[in-house]
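Structure first, commentary second.
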Amino acid sequence: SCGVRLTLLLVLATWFVLVVALGVNGAFLGRPGAPPLGMAIGFTAPMLLFLAWLRLSTAFRDFILSLDLRLVAGMQAWRFAGLGFLFLYAYKVLPGPFALPAGIGDMAVGFAAPWMILGLTRDPGFATSAAFVRWNWLGILDLVVALGLGASMAMADPRTISTAPMATLPLLIVPAFLVPLFLMLHTAALMQGRRIARSR
Numbered sequence: 003s004c005g006v007r008l009t010l011l012l013v014l015a016t017w018f019v020l021v022v023a024l025g026v027n028g029a030f031l032g033r034p035g036a037p038p039l040g041m042a043i044g045f046t047a048p049m050l051l052f053l054a055w056l057r058l059s060t061a062f063r064d065f066i067l068s069l070d071l072r073l074v075a076g077m078q079a080w081r082f083a084g085l086g087f088l089f090l091y092a093y094k095v096l097p098g099p100f101a102l103p104a105g106i107g108d109m110a111v112g113f114a115a116p117w118m119i120l121g122l123t124r125d126p127g128f129a130t131s132a133a134f135v136r137w138n139w140l141g142i143l144d145l146v147v148a149l150g151l152g153a154s155m156a157m158a159d160p161r162t163i164s165t166a167p168m169a170t171l172p173l174l175i176v177p178a179f180l181v182p183l184f185l186m187l188h189t190a191a192l193m194q195g196r197r198i199a200r201s202r
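Numbers in this note's numbering are just positions in the sequence shown, counted from 1, shifted up by 2.
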């Protein structure tokens with residue numbers, strides 16, 4: 003478990019540094035009007051590696067299932083920072099059809115996180131409840147919808163406000179690091195809930 007934890011910390015640190023280094027060099031910037039392939043790879047590669055690691059390593063899967071579920075849920079509270087998207091829309095940095103659903107959706111998930119922690123603290127079996135499962139799936143849906151909207155608006159007319167700023171630092175950290183990380187945390191939460199339900 004200690005070895006898995008150290009490996010995971012190293013992987014997370016390397017991933018973050020890689021995103022920043024590639025971002026500095028403009029690796030995620032696409033041509034105006036073209037599909038954002040760099041961003042698509044930046045998002046899907048970590049998710050595929052995470053799912054492969056879960057499938058291939060029993061030690062990693064056991065580690066994910068042993069994480070404190072209150073901490074896993076609590077990490078989602080950071081998504082209240084989606085408020086920043088609303089400011090970026092107000093200052094005409096990001097388009098409304100992307101910034102408003104993405105920002106409000108993230109804020110809703112982040113706002114509900116303390117109630118999820120409270121439920122888990124009172125009763126660990128809360129992980130199997132419809133409320134907890136629904137919150138996780140809605141959190142996943144919010145991220146997927148935001149990614150879809152962001153990708154479609156990256157191909158908008160270059161003369162209009164597009165999501166191109168999301169492909170540059172510091173905003174790049176959101177889709178290339180934080181979004182996959184939040185999806186991994188939702189996956190871990192649902193896995194733990196399913197294991198508790200099975201053990202009953």
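Note that CB positions come from ideal geometry on N, CA and C, so glycine has one too.
Practice problem: Please classify Phe-30: is it buried, with 16 or more other beta-carbons within 10 angstroms of its beta-carbon, or exposed? | Solution: Locating residue 30 in the sequence shown gives position 28, where the first residue counts as 1. Per the 10 Å Cβ criterion, buried.
Quiz prompt | Coil, strand or helix - Gly-35 by DSSP | solution = Translated into the one-based positions of the sequence shown, residue 35 becomes position 33. Residue state, collapsed to three classes: coil.
Quiz item: Counting Cβ pairs closer than 8 Å, one from the stretch 182-189 and one from the stretch 45-54, do we hit at least three?
Solution: yes
Practice problem: Grab the span of the alpha helix (DSSP H) containing Tyr-91 for me, first residue to last. | Solution: Along the sequence shown, one-based indexing puts residue 91 at 89. Element bounds for Tyr-91: 85-92.
Quiz item: Counting pairs of Cβ atoms below 8 Å between the stretch 63-79 and the stretch 40-50, do you hit three or more?
Solution: no
Exercise. For the alpha helix (DSSP H) holding Ile-66, just list the boundary residues, first then last.
Key: Here residue 66 is taken as the residue at index 64 of the sequence shown, counted from 1. Where Ile-66 is concerned, the enclosing alpha helix (DSSP H) stretches over 60-68.
Self-check item: Beta-carbon proximity check, Tyr-93 vs Gly-105, cutoff 9 Å
Solution: Stepping through the sequence shown from its first residue, residue 93 is reached at position 91. Stepping through the sequence shown from its first residue, residue 105 is reached at position 103. No, the pair does not count as a contact, with Cβ atoms beyond the cut-off.
Quiz item: Are the stretch 97-116 and the stretch 155-175 in contact at 8 Å, needing three or more beta carbon pairs?
Solution: yes
Self-check item: Contact set for Leu-12: own chain, Cβ-Cβ below 7 Å, skip 5 residues either direction
Solution: Looking up residue 12 in the sequence shown gives position 10. So the list is empty, once near-sequence residues are dropped.
Quiz item: Beta carbon of Gly-112, beta carbon of Trp-80: below 9 Å?
Solution: Within the sequence shown, the letter at position 110 stands for residue 112. Within the sequence shown, the letter at position 78 stands for residue 80. Taking 9 Å as the Cβ cut-off, Gly-112 and Trp-80 qualify as a contacting pair.
Exercise. Could you round the C-beta distance between Ala-129 and Leu-140 to whole angstroms and report it? I think they count as a contact, below 8 Å.
Key: By 1-based counting over the sequence shown, the position of residue 129 is 127. By 1-based counting over the sequence shown, the position of residue 140 is 138. Between Leu-140 and Ala-129 the Cβ distance is about 16 Å, and since that is not below 8 Å, they are no contact.
Quiz prompt | Same chain, Cβ closer than 8 Å to Val-176, five either side skipped, listed in chain order | solution = Counting from one through the sequence shown, the residue named residue 176 turns up at place 174. Met-168.
Quiz item: Are Gly-84 and Asp-64 close, meaning C-beta to C-beta below 9 Å?
Solution: In the sequence shown, the residue the question calls residue 84 occupies position 82. In the sequence shown, the residue the question calls residue 64 occupies position 62. Result no, Cβ atoms of Gly-84 and Asp-64 do not sit closer than 9 Å.
Practice problem: Can you tell me which of Ala-36, Ala-61, Gly-35 and Met-157 puts its alpha carbon nearest to the alpha carbon of Arg-7? | Solution: The count along the sequence shown starts at 1 and reaches residue 7 at position 5. Here the closest residue by C-alpha is Ala-61.
Quiz item: How far does the alpha helix (DSSP H) with Met-109 in it reach, from first residue to last?
Solution: The residue labelled residue 109 in the question sits at position 107 within the sequence shown. Its alpha helix (DSSP H) spans residues 98-124.
Quiz item: Just the Cα atoms here: how many angstroms apart are Leu-14 and Leu-174?
Solution: Residue mapping note: residue 14 aligns to position 12 of the sequence shown, counting from 1. Residue mapping note: residue 174 aligns to position 172 of the sequence shown, counting from 1. Approximately 16 Å, taken between the alpha carbons.
Quiz item: Is the CB-CB distance between Ala-178 and Gly-32 below 9 Å?
Solution: Along the sequence shown, one-based indexing puts residue 178 at 176. Along the sequence shown, one-based indexing puts residue 32 at 30. No; because the gap between Cβ atoms is not below 9 Å, this pair is not in contact.
Quiz item: Hey, how far is the Cα of Ala-199 from the Cα of Leu-58?
Solution: Counting from 1 along the sequence shown, the entry for residue 199 is found at position 197. Counting from 1 along the sequence shown, the entry for residue 58 is found at position 56. Spanning the two alpha carbons is a distance of roughly 23 Å.
Quiz item: Can you list, in chain order, the residues of its chain whose CB lies under 8 Å from that of Leu-69, leaving out five sequence neighbours each side?
Solution: In the sequence shown, residue 69 corresponds to position 67, counting from 1. Hits under 8 Å: Ala-190 and Gln-194.
Practice problem: May I ask which residues mark the beginning and end of the alpha helix (DSSP H) holding Gly-152? | Solution: For the purposes of this step, residue 152 is taken as residue 150 along the sequence shown, with counting starting at 1. Here the alpha helix (DSSP H) through Gly-152 covers 132-156.
Quiz prompt | Coil, strand or helix - Thr-165 by DSSP | solution = Stepping through the sequence shown from its first residue, residue 165 is reached at position 163. Note: Thr-165 maps to coil in three-state DSSP.
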